[in-house]
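Chains as they are written, first to last, in my numbering: chain P, 1 to 263; chain D, 1 to 307.
For every residue, glycine included, the Cβ atom is placed at its ideal position computed from N, Cα and C.
Fair warning: this is a prediction, and the values are worked out from it, not measured in the lab.
The next block holds one structure in the form of structure tokens; read it before the comments.
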Ligand SMILES: Nc1ncnc2c1ncn2[C@@H]1O[C@H](COP(=O)(O)OP(=O)(O)OP(=O)(O)O)[C@@H](O)[C@H]1O
Ligand SMILES: [Mg+2]
């Protein structure tokens with residue numbers, strides 16, 4: 001456990017340092033998101049007004065929109081971070097070092113992703129606060145009701161991330177695959193089948209559904225049943241384990257072909 | 001105690017035999033060099049030991065245990081210019097690579113300070129690696145292999161692509177490690193002088209096979225006894241040359257016959273040769289063993305001129 005603690009600590013430190021050292025990139029990213037968001041925000045608002053939607057409904061749509069957006073960012077990081085991490089380290093010549101540990105490569109990469117997700121979450125919340133401050137439109141969002149299902153569910157996406165990462169180890173250029181998967185993921189967080197079984201089997205879908213229902217139905221994380229939590233956790237675990245399995249197989253193939261670290 | 005044991009290791013890529021049935025071992029606390037021309041399998045061997053490449057056959061033991069379970073004993077520096085995060089400082093890099101192995105805390109911090117001090121990097125410890133000279137980067141990379149205090153260190157071409165000064169610096173760093181840290185080191189290189197100066201044993205690879213394997217000293221001795229150079233006071237006459245040629249030794253007449261070179265297999269033979277010269281009243285000005293440096297030995301071996 002202590003090992004993982006130190007691993008997490010240095011991962012976070014590296015993330016923060018790199019954000020700081022690539023200041024320009026960080027700030028321009030924030031600015032772009034801010035501007036994009038403001039445009040959509042005001043667009044949505046005037047669009048609603050022109051349709052004669054009352055400001056009250058408007059608020060709800062906005063909340064849904066913002067939560068959707070937030071979910072989207074988290075998922076984007078969770079599914080692609082491991083693959084990008086591998087590509088990045090392979091090109092920097094540090095991937096070999098990551099393998100020189102008695103902590104598994106998969107664990108190192110997952111811990112890295114979690115640290116990345118944490119930073120991304122903090123950024124998003126920070127951004128949201130700024131947006132609400134500048135628009136003067138304070139949304140009623142129960143942060144915990146969103147974060148808890150995300151936290152439980154995100155491991156399914158990390159599982160997918162591990163699969164992509166495994167492929168990146170072997171094939172190096174997986175950009176187009178990542179792009180395609182991105183579209184599947186959009187569908188996963190935007191459509192919710194009625195059947196609990198189907199929804200529970202699709203990665204992250206049930207968790208995303210729960211988040212939206214808290215948004216729309218005004219309930220909170222306390223209102224989910226044990227079954228709800230069970231489905232979310234089971235789904236997450238299932239995909240995570242499949243991801244680990246695929247990843248470890250890919251590591252083996254890469255080691256046999258002498259591809260680890262070659263770029 | 002054997003720190004590293006490589007037994008009948010082979011690795012093929014398709015039809016290419018990158019490493020072909022090699023065996024060698026390194027005792028704890030010793031330093032061994034792997035020499036070989038480009039593509040001879042040095043990197044493949046090192047990566048097999050680190051479990052970055054799974055071999056087709058053969059086994060590798062680290063302190064008697066399978067290498068897959070022995071990562072905590074090994075650190076390595078791989079070929080190429082990187083090995084570090086360029087946007088982090090030396091201190092952050094060392095901390096990061098310790099963290100990757102699940103190490104951290106005060107003890108590691110102190111160790112990092114010590115290492116940076118030792119390698120004269122203290123005043124650069126907060127400069128991004130990006131902005132360091134190539135030689136300094138390599139020093140940081142070597143410090144990185146020491147930060148976890150593993151028994152075994154593998155270095156793949158640690159002096160490749162360095163300028164003269166950095167080369168000297170790195171060599172000093174390596175000598176310092178060898179003399180005062182009691183590590184077991186395996187290093188691959190093209191640089192004969194480095195091997196001659198710091199390695200005790202050497203394994204010479206060519207096309208994936210071991211072509212020579214001995215202590216550096218023994219290899220040098222082996223080749224030193226090969227060639228003697230006999231300088232004469234005056235040139236040999238044609239008759240004398242003929243006479244000598246019929247003695248059954250490998251004589252080479254150089255400098256218009258004022259110098260004889262002879263390859264012998266036993267040291268005693270030199271006395272017989274001197275006696276023969278005395279019989280013909282050929283006067284000797286000087287006799288010496290021809291200097292053999294490692295480079296020549298290496299070329300001889302890898303060209304297959306000498307079996
Ligand atoms: N992943 C790989 N796939 C196919 N062939 C490979 C792979 N890695 C190495 N090889 C081949 O295996 C042989 C041995 O390569 P290796 O890198 O071990 O040599 P080396 O002694 O380190 O050479 P250098 O001095 O150039 O570093 C070479 O012919 C190389 O082309
Ligand atoms: Mg090499």
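Remark: C-beta atoms of residue 11 (chain D) and residue 19 (chain D) approach each other more closely than 8 Å. DSSP places residue 253 (chain D) inside the beta strand (DSSP E), whose first and last residues are 250-254. Against chain P, the CB of residue 95 (chain D) has a partner CB under 8 Å away; the residue lies at that interface. Leaving aside the five residues that flank residue 124 (chain D) on each side, the residues in its chain whose CB is nearer than 7 Å to its CB run, in chain order, 90, 132, 136. Using a Cβ distance threshold of 8 Å, residue 68 (chain D) and residue 130 (chain D) do not count as a contacting pair.
Taking residue 87 (chain P) as the centre and dropping the five residues before and after it, the same chain places the C-beta of 168 closer than 6 Å to its C-beta, in chain order. Chain P places no beta carbon closer than 8 Å to that of residue 3 (chain D), leaving this residue out of the contacts. Collapsing the DSSP output to three states places residue 73 (chain P) in a helix.
The contact set of residue 103 (chain D) on chain P, defined by CB atoms closer than 7 Å, consists of 6 in chain order. Residues of chain P whose Cβ lies closer than 8 Å to the Cβ of residue 71 (chain D) are, in chain order, 100, 101, 102. In this structure the stretch 115-132 of chain P does not touch the stretch 175-189 of chain P; the number of beta carbon pairs closer than 8 Å is below three. When secondary structure is reduced to three states using DSSP, residue 192 (chain P) falls in the coil class, being assigned neither helix nor strand.
Closer than 7 Å to some heavy atom of ligand 2: that does not describe the Cβ of residue 285 (chain D). A distance below 8 Å separates the beta carbons of residue 181 (chain P) and residue 164 (chain P). Rounded to the nearest angstrom, the gap between the Cα atoms of residue 128 (chain D) and residue 14 (chain D) is 42 Å. With respect to chain D, the C-beta atom of residue 16 (chain P) has no partner C-beta closer than 8 Å. Taking all protein chains shown into account, residue 232 (chain P) has 16 or more neighbouring C-beta atoms within 10 Å of its C-beta and is therefore buried.
For residue 211 (chain P), the closest of P:146, P:117, P:66 by C-alpha to C-alpha distance is P:146. Between the stretch 71-78 of chain P and the stretch 44-52 of chain D, the count of Cβ pairs shorter than 8 Å is below three; the stretches do not touch. Along the stretch 50-69 of chain D, going in chain order, the ones with a CB nearer than 7 Å to a CB of chain P are 50, 52, 53, 54. Collapsing the DSSP output to three states places residue 84 (chain D) in coil. Those residues whose C-beta sits under 7 Å from the nearest heavy atom of ligand 2 are, from N- to C-terminal order along the chain, D:42, D:43, D:79, D:156, D:157, D:188.
The shortest CA-to-CA distance from residue 198 (chain P) to any of P:225, P:214, P:235, P:223 is the one to P:235. Placement of the Cβ of residue 262 (chain P) at a distance of less than 7 Å from at least one heavy atom of ligand 1 is found. Around the beta carbon of residue 161 (chain P), 16 or more other beta carbons lie within 10 angstroms, which makes this residue buried.
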